[in-house]
Amino acid sequence: MAKLICSAGAHIGRILELETDLVVFGRVADCNVVLDDPATSSHHAELRRTNGAWVLTDLNSSNGTLVNGKNIVSITLQSGDVIQIGQTQYRFKDATTTLQPTDNDLALVEQMRQRTQAILEEAGKVIVGQQEVLNQILMAMIAGGHALLIGMPGMAKTLMVRTIAKVLDLDFKRVQFTPDLMPTDITGTEVLESNRATGEREFRFIKGPLFCNLLLADEINRTPPKTQAALLEAMQEHRVTVGNVTFPLDEPFFVLATQNPIEQEGTYPLPEAQLDRFMFNIWVDYPLEHEEEQIVSSTTVTGLVEPDKVLNKQQVLQLQEVVRKIPVSPHVIKYTTRLVRASRPPDARAPDFIKQYVSTGAGPRASQYLILAAKARAVLEGRIHVSSNDIRTAAIPVLRHRIYTNFAADSEGLTSMDLIKRLLETIEEPSDKDYT
53 MAKLICSAGA HIGRILELET DLVVFGRVAD CNVVLDDPAT SSHHAELRRT NGAWVLTDLN
113 SSNGTLVNGK NIVSITLQSG DVIQIGQTQY RFKDATTTLQ PTDNDLALVE QMRQRTQAIL
173 EEAGKVIVGQ QEVLNQILMA MIAGGHALLI GMPGMAKTLM VRTIAKVLDL DFKRVQFTPD
233 LMPTDITGTE VLESNRATGE REFRFIKGPL FCNLLLADEI NRTPPKTQAA LLEAMQEHRV
293 TVGNVTFPLD EPFFVLATQN PIEQEGTYPL PEAQLDRFMF NIWVDYPLEH EEEQIVSSTT
353 VTGLVEPDKV LNKQQVLQLQ EVVRKIPVSP HVIKYTTRLV RASRPPDARA PDFIKQYVST
413 GAGPRASQYL ILAAKARAVL EGRIHVSSND IRTAAIPVLR HRIYTNFAAD SEGLTSMDLI
473 KRLLETIEEP SDKDYT
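In terms of our numbering, the sequence shown opens at residue 53 and continues consecutively.
Written out as structure tokens, the structure reads:
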């Protein structure tokens, strides 16, 4: 169902589901959407569904109707378009629209192989090694997902995220999660102050660190469930609710969270529901010997190199849209769902070692994230086709935190990553007989 999300004006944060084929905007009572705004005409604009598409028409309003900053008479809306009516702004979302890559999209994808290499080179000015980790972070971000970085202290996880933010020209914020951190410490809070013009007291909302493009949630498992839940809403809905008001977050919005794998005393383990919201679980391992020598020599002298910007926010948003537009063959989708379903012990096709060592397998969100990650990998390599090999490349970071081992596996020292590797070796791609 199509919907309008108010991003500016008196109704900011409200979502209007388009349940009828005609919606009229204006100031008078007989309009479907009444806007108490002097800059809005009595009957300002109408939104009508015609042949499955939504057409916005200006009704000879005094101030005009804008779409993406341009005055329009009548226009067929695309998902993501921004509508301006007086002082009120809406973002149009249509889940039923099937989009195809445009020429500009294809040109951007063709340039991405060189740009991806440039991103890694710029990040390499600050970060030594960790190429696979950087690739996985880029895949998650281009796919519009969030990532959990797990590694020992001193692995440059914070520096890595800050560097990525600089290279992609994103607004970066860092929050050190602690046991006394409250939800309003990250979402923001309302303060009571006097209006100098009227002399009356009124509440003013002060935005918290969640209002950024890239949030580093440092040691996310050290904060209580209430604060984790506030972060969960921002991750899933890309909005923040404070009191009775909902505020949309600026796009793009990513959460990269860190976690110490060994120190679990005094922590609040993330619930499975929140873990499942993270697209990737990325393991940050120790550097190689020659890399560690380079780290020591380059970080114990004065003067650090600053990376240059390679992409901007608009290009990142465009890449996210391109990822959604790339088609995937039924062969790849069948292989993906077969792989994920095979991780569930009750499934008839699950291998014996899954039934023996796994207590809970991956859910449907794993299949969705595998496809999105495969698309993102293709885009980063300058391709517009997705193969089963892209699925296999994304399998470990996507499935690592979605497959839960049982006591039998723990007693034999088997981890979820060991089982995923065996699963990739066991599950074959669909053959001709699967389509008869």
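Built from N, CA and C at the ideal position, the CB exists for glycine as well.
| Item | Value |
| --- | --- |
| Residue burial classification, Phe332 (beta-carbon count within 10 angstroms, cutoff 16) | buried |
| Nearest-angstrom Cβ-Cβ length linking Leu200 and Gln311, presumed shorter than 8 angstroms | 6 angstroms |
| Cα-Cα separation, Asp302 to Ala217 | 15 angstroms |
| Inter-residue spacing [alpha-carbon to alpha-carbon] between Thr445 and Thr478 | 15 angstroms |
| Distance, Met287 Cα to Tyr142 Cα | 21 angstroms |
| Per-residue burial, Phe34 [other beta carbons within 10 Å of its own, 16 or more giving buried] | The structure shown has nothing for residue 34, since the chain only spans 53 to 488. |
| For Thr140, three-class secondary structure by DSSP | strand |
| Straight-line Cα distance separating Pro482 from Lys386 | 7 angstroms |
| For Trp335 and Ala447, the rounded distance between their alpha carbons | 13 angstroms |
| Local conformation of Tyr421 per DSSP, three classes | helix |
| Val392 and Ser419 closer than 8 angstroms at C-beta | yes |
| From Val348, Val362, Val375, Arg454, residue whose alpha carbon lies closest to that of Ala394 | Arg454 |
| Reduced DSSP secondary structure (H/G/I, E/B, other) of Ser483 | coil |
| Assigned exposure category for Asn441 - 16 Cβ within 10 Å defines buried | exposed |
| Beta carbon of Val307 nearer than 8 angstroms to that of Leu363 | no |
| Own chain residues within Cβ distance below 8 angstroms of Arg390, not counting five before or after | Arg401, Ile479, Pro482 |
| Three-state secondary structure assigned by DSSP to Phe405 | helix |
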